[in-house]
Amino acid sequence: MSREIASYFSYNKDLLQLYQSRSLQDSIADHIVQDAHLIPEHIAQAANSNSNVARLKYVNLTQIMIKNILSYCNGLEQMGVKEKEYLHLFRKEIGSFRRSLNSWMKTIRLQGPDNSWGFIDPAK
0 MSREIASYFS YNKDLLQLYQ SRSLQDSIAD HIVQDAHLIP EHIAQAANSN SNVARLKYVN
60 LTQIMIKNIL SYCNGLEQMG VKEKEYLHLF RKEIGSFRRS LNSWMKTIRL QGPDNSWGFI
120 DPAK
């Protein structure tokens with residue numbers, strides 16, 4: 000979905016060449032594609048890790064990328080793109096994914112002895 004959004008809103012339709020463009024809109028589209036591409040990699044690394052600390056690290060990085068993608072969507076909208084309903088649909092899908100990720104993160108925090116990740120648990 001991120002590639003389609005980027006392709007639709009960029010001036011340069013060749014997604015492999017977006018990084019070379021001097022257009023701000025193309026740059027934002029390129030960042031959306033890059034961050035969206037990294038999310039599945041980080042989820043896979045988190046899922047395959049034996050350490051809860053490593054899992055939480057990758058989930059945290061994924062949350063940062065989600066936040067960035069939402070910021071990029073806001074930037075496109077403020078630039079005055081015409082078809083904002085695509086951005087709203089994309090945000091809705093990202094929100095759904097974010098809720099699932101947060102639920103999974105809660106289960107990770109409850110598992111194993113290394114679940115504190117260096118933070119003090121106020122519930123204890």
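Numbering (numbering that gives the first Met the number 0), first residue to last: 0 to 123. Each residue gets a CB set at the ideal place from its N, CA and C atoms; glycine is no exception.
Check your understanding: How do the segment 26-35 and the segment 65-75 stand: do at least 3 beta-carbon pairs fall below 8 Å, yes or no?
Key -> yes
Practice item. Indicate whether L75 and Q24 have their beta-carbon atoms separated by less than 8 Å. Key: yes
Review point. Just the Cα atoms here: how many angstroms apart are M104 and F89?
Key: 22 Å
Exercise for review: With V80 as the anchor, note down where its alpha helix (DSSP H) starts and where it stops.
Suggested key: First-last for V80: undefined, no H or E at that position.
Check your understanding: Quick one: is R54 buried, meaning 16 or more other Cβ sit within 10 Å of its Cβ, or exposed?
Key -> buried
Review point. What do you reckon, are the CB atoms on V58 and I107 nearer than 8 Å?
Key: yes
**Study point:** N-terminal and C-terminal residue of the alpha helix (DSSP H) that N47 is part of
**Key:** 23-47
Practice item. In angstroms with no decimal places, state the Cα-to-Cα distance between C72 and Y85. Key: 10 Å
Exercise for review: State the Cα-Cα distance for the pair S50 and L60, rounded to the nearest angstrom.
Suggested key: 16 Å
Check your understanding: What does a CB cutoff of less than 6 Å around A45 pick up in its chain, not counting 5 residues either side in sequence?
Key -> R54, Y57, V58
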